[in-house]
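Undergrad: Chains as they are written, first to last, in our numbering: chain B, 320 to 959; chain U, 69 to 316.
For glycine and all other residues, C-beta sits at the position ideal for the given N, C-alpha and C.
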């Protein structure tokens, strides 16, 4: 069955669509806003900025996060920067150029109008964050500084040392806490959303577990916004925080929200390599390092010499060789895949031969150690803390790792999911990045969705809800959802098997990374689907969760998240299997050019897949949103 | 290597806690401190015992969620390092490690090594922001800020809110945390208009949350993962006194 999804793109030329939308969107008068309640789940950049902005407008907001403080959401970890088409460098940047770079970076698999809006609102974000006191890097004259990032030829990235995510998040966190102070936001930290409640087909609330007391609570509202981030932790080894999860979006999916392009996962090229089986995460080293760092492997695959002992002519700077125009700043999917090629060819370095070098010796010689230290000092420190190695003296060892979910809940231009009253913003949705996200666009998208888009589009929805009374949390639908959540928790606690949730996550993750990671094939995916089904069966009978439901119980929290991964993983494989082309991060080995580049098929696959839950994780229904390019003609993506 | 652990176990804020002994026989040097605890917990769970609860999330030293006293030192022996960035190569075979939660009246124990630090959020809520609504912002380059000022503001803004300063202070004072935010916003023109109101409400809130007073031992900076300077505290005191005098 194939449905046509309504993307609700406004009329008019690309550059006027967003203003046209804003001109005609419905409004809610200030005295009615105070009668309306909105639930925002997640307090990262998207969630905090949305909650704060809505509260400023006068809505009553309930804000939820599983961390012990909203300031700890994983946006905090983004390092390198945030893009904006300010053209402060006078180097040819513009909204259109930024839109085109983003669309091309995503291999022409995103919705034109959304991507254009992202670029269009980017400049506002820099203004907003600066006004909040975000200490962006400055030139000596006092004006804002920029640097370059992967996949572009201009310098449009704003940054606060190597902690841009932290500083932007603190800006939005402080805006959020200011609204907590006014009483417009009620904050529920250490709460995890475990189900979405629908009344007469509309999202009207959530079931959440208080992680400190174990109490299962009901919360009602006039609309629900999910800003719960990505699900890269499904691979277990990833750059994500330990608590990042798919549960909120997956449970909403099972209540009727479609999941779009779930298999599109960005594998980040510059992370610290795995060094043993006990490892819990792969730390990311900012892409900004590729501005001055050069990536190479030894030409000879049996080279056992130390990096500094290998002479220049025996090194292969493969990105500079293959992509002379962009060199070390090729987009992430290409940089990661090229690293995999070298590693698979046996040229990987390090004890497990699973890494490549990122070398600063030339930059240090050219600019001096002090300049490099000012640019990347904190990253070099972090590298030393984790590996014990001084990267000023020898090259870093880096390796690709699972990072960002381009896939997520399907949303239309208004960021509405397929459930009325349910919105998804930031990484939790699928909207702006196509099949590969450009560096420094994730912070941007989270902020643009939260500060500048949702406040308009949610209001357009709420305008029709002003006569709706406060949601009754004693409604039978709340009873039903709460009972289902409690039953699932009870099930975890009484299985009394032999494997922990984390052990299951590791097994699932390695299967998925192997067969639905950097490269995919029909044969591998079919095998993975079977293996995941077996693993899911084992999870049901062999899981062990100690303790009780009515207390702090981190093993129970993990069990719920892994249970969702067990289903989502299969959908990812099904999605990757149906897409018989290669595009961006989705590389099917059967579909590549003679030079091993991704081979897109615009005739048959120029759509976003939007999967509908069908009561069985193995049998989802595919809906297609055809991608219509009115302004740009998709071309073969070349960075040569 | 073999490691002996003495870990504080406490069921909840109401219960009495105690140290429990554990031994791990095969600890690799490359393990992070939290991964070492993961391996202990895996063993405990497999035996049907309750794992050691501890706070953690990003495991790359930036979210500020992890934190425990390791041999009496907040975040352990390595300077300017969060617990998650501490690795077992900082210890040696046969070592005994004491692990306790951060202790302060304003940080009640939730379970084992997990504490409730929402008191720090309350301090920010009382005034740790610039009062600007979405949409009000002027063009970013319309207010130039000298490179040095922006860098100094960043130094203060780098605080990760972990609470190690409080745990290291004999008075359990949150002066370093509070003053870092006050300084960041005071150094930037965007934040200056509200300085006196901000400093008065944040200091008041700090006291209401049950944090102690600063007596200038400077232990906080020594154990701060971000090396936030105690000079911020001096600035906070100066701004506080100025605000009190000018407002009266």
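How is residue 283/U classed by DSSP in three states: helix, strand or coil?
TA: In the structure shown, residue 283/U sits in coil (DSSP, three-state: anything other than H, G, I, E or B).
Undergrad: Tell me whether residue 303/U sits in a helix, a strand or coil according to DSSP, three-state version.
TA: Three-state DSSP puts residue 303/U in a helix.
Undergrad: Listed in chain order, which residues of the region 735-765 of chain B have Cβ atoms closer than 8 Å to some Cβ of chain U?
TA: Of all residues in the region 735-765 of chain B, none has a Cβ within less than 8 Å of some Cβ in chain U.
Undergrad: For the beta strand (DSSP E) holding residue 86/U, just list the boundary residues, first then last.
TA: From DSSP, the beta strand (DSSP E) with residue 86/U extends over 86-92.
Undergrad: Would residue 580/B be called buried (16 or more neighbouring beta carbons within 10 Å of its own) or exposed?
TA: Looking at its Cβ environment, which holds 16 or more other Cβ atoms inside 10 Å, residue 580/B is buried.
Undergrad: Less than 8 Å between the beta carbons of residue 880/B and residue 566/B, yes or no?
TA: Yes, these two residues count as a Cβ contact at 8 Å.
Undergrad: Excluding the 5 residues preceding and the 5 following residue 740/B in the sequence, name in chain order all residues of the same chain whose CB lies nearer than 6 Å to its CB.
TA: Within the same chain, residue 740/B has close Cβ partners 521, 522, 542.
Undergrad: Locate the alpha helix (DSSP H) running through residue 881/B, then write down its first and last residues.
TA: Where residue 881/B is concerned, the enclosing alpha helix (DSSP H) stretches over 873-897.
Undergrad: Buried or exposed, going by whether 16 or more other CB atoms sit within 10 Å of the CB of residue 82/U?
TA: Looking at its Cβ environment, which holds fewer than 16 other Cβ atoms inside 10 Å, residue 82/U is exposed.
Undergrad: For residue 93/U, would you say it is in contact with chain B, using Cβ-to-Cβ distances shorter than 8 Å as the test?
TA: Not an interface residue.
Undergrad: Let me make sure I understand the geometry here. Which of 563/B, 481/B, 668/B, 666/B has the alpha-carbon closest to that of residue 607/B?
TA: Checked all of 563/B, 481/B, 668/B, 666/B; the closest Cα to residue 607/B is 481/B.
Undergrad: Please state the DSSP three-state secondary structure of residue 335/B.
TA: Looking at residue 335/B - three-state DSSP - the assignment turns out to be helix.
Undergrad: By the criterion of Cβ-Cβ separation under 8 Å, what are the contact partners of residue 178/U in chain B?
TA: Ordered by position in chain B, the residues that pass the 8 Å Cβ test against residue 178/U are 531, 871.
Undergrad: Kindly indicate which three-state DSSP category residue 429/B falls into: helix, strand or coil?
TA: Reduced to three states, the DSSP call for residue 429/B is coil.
Undergrad: Give me the subset of the region 425-450 of chain B whose CB atoms are less than 7 Å from a CB atom of chain U, sorted by chain position.
TA: Under the 7 Å Cβ criterion, the region 425-450 of chain B contributes 445, 446, 447, 449, 450.
Undergrad: Among 108/U, 159/U, 186/U, 238/U, whose alpha-carbon lies nearest the alpha-carbon of residue 133/U?
TA: Comparing Cα positions, the closest option is 186/U.
Undergrad: In chain order, what residues of the same chain lie with their CB nearer than 8 Å to the CB of residue 321/B, ignoring the 5 residues before and after it?
TA: Residue placement at residue 321/B cannot be trusted, given a pLDDT of 49 that sits under 50; the coordinates are not used to answer.
Undergrad: Specify the secondary structure class of residue 683/B as computed by DSSP and reduced to three states.
TA: Of the three classes helix, strand and coil, the one that applies to residue 683/B here is helix, per DSSP.
Undergrad: Under a three-way DSSP split, which group does residue 719/B fall into?
TA: Strand.
Undergrad: Which residues, in chain order, does the region 125-138 of chain U contribute to contact with chain B at a C-beta distance below 7 Å?
TA: Residues passing the 7 Å Cβ filter: 125, 126, 127, 128, 129, 130, 131, 132, 133.
Undergrad: Alpha carbon to alpha carbon, how far is residue 413/B from residue 905/B?
TA: Going from the Cα of residue 413/B to the Cα of residue 905/B covers about 29 Å.
Undergrad: Taking 8 Å as the limit between beta carbons, can you name the residues of its chain near residue 353/B, skipping five residues before and five after?
TA: Once the five neighbours on either side are set aside, the close Cβ partners of residue 353/B are 377, 378, 379.
Undergrad: What number of angstroms, rounded off, separates the C-alpha of residue 667/B from the C-alpha of residue 627/B?
TA: Computed Cα separation, rounded: 16 Å.
Undergrad: Return helix, strand or coil for residue 245/U, following the three-state DSSP convention.
TA: If DSSP states are grouped into helix, strand and coil, residue 245/U belongs with the helices.
Undergrad: Can you tell which of 471/B, 892/B, 388/B has the C-alpha that lies nearest to the C-alpha of residue 845/B?
TA: Minimum Cα distance to residue 845/B is reached at 892/B.
Undergrad: At the 8 Å Cβ level, is residue 113/U part of the contact set with chain B, yes or no?
TA: Yes, residue 113/U counts as interfacial toward chain B.
Undergrad: What in chain B is Cβ-close to residue 149/U, meaning under 9 Å?
TA: What residue 149/U touches in chain B: 704.
Undergrad: Under the assumption that residue 259/U contacts residue 843/B (Cβ atoms under 8 Å), give the Cβ distance between them as a whole number of angstroms.
TA: Not a contact, Cβ separation roughly 54 Å.
Undergrad: Give every residue of the same chain whose Cβ lies closer than 8 Å to the Cβ of residue 80/U, excluding the five residues on either side of it in the sequence, and list them in chain order.
TA: These residues qualify, in order along the chain: 177, 178, 179.
Undergrad: Is DSSP giving residue 454/B helix, strand or coil here?
TA: Three-state result, residue 454/B: coil.
Undergrad: Got a sec: is the Cβ-Cβ distance from residue 166/U to anything in chain B below 8 Å?
TA: No - not a single Cβ of chain B is within 8 Å of the one on residue 166/U.
Undergrad: Please list, in chain order, all residues of the same chain as residue 152/U whose beta carbon is under 8 Å from its beta carbon, the five residues on each side excluded.
TA: Correct list, in chain order: 100, 101, 102, 124, 126, 127, 128, 129, 134.
Undergrad: Straight-line CA distance for residue 897/B to residue 687/B?
TA: Distance between the alpha carbons of residue 897/B and residue 687/B: 51 Å.
Undergrad: For residue 541/B, which of helix, strand or coil comes out of DSSP?
TA: DSSP places residue 541/B in coil when its eight states are reduced to three.
Undergrad: Note down, one range per segment and in chain order, each alpha helix (DSSP H) of at least 4 residues found wholly within the region 343-414 of chain B.
TA: Complete alpha helix (DSSP H) runs here, min 4: 349-352, 364-376.
Undergrad: Is it buried or exposed for residue 97/U, if we count other Cβ within 10 angstroms and need 16 for buried?
TA: With fewer than 16 other Cβ atoms within 10 Å, it is exposed.
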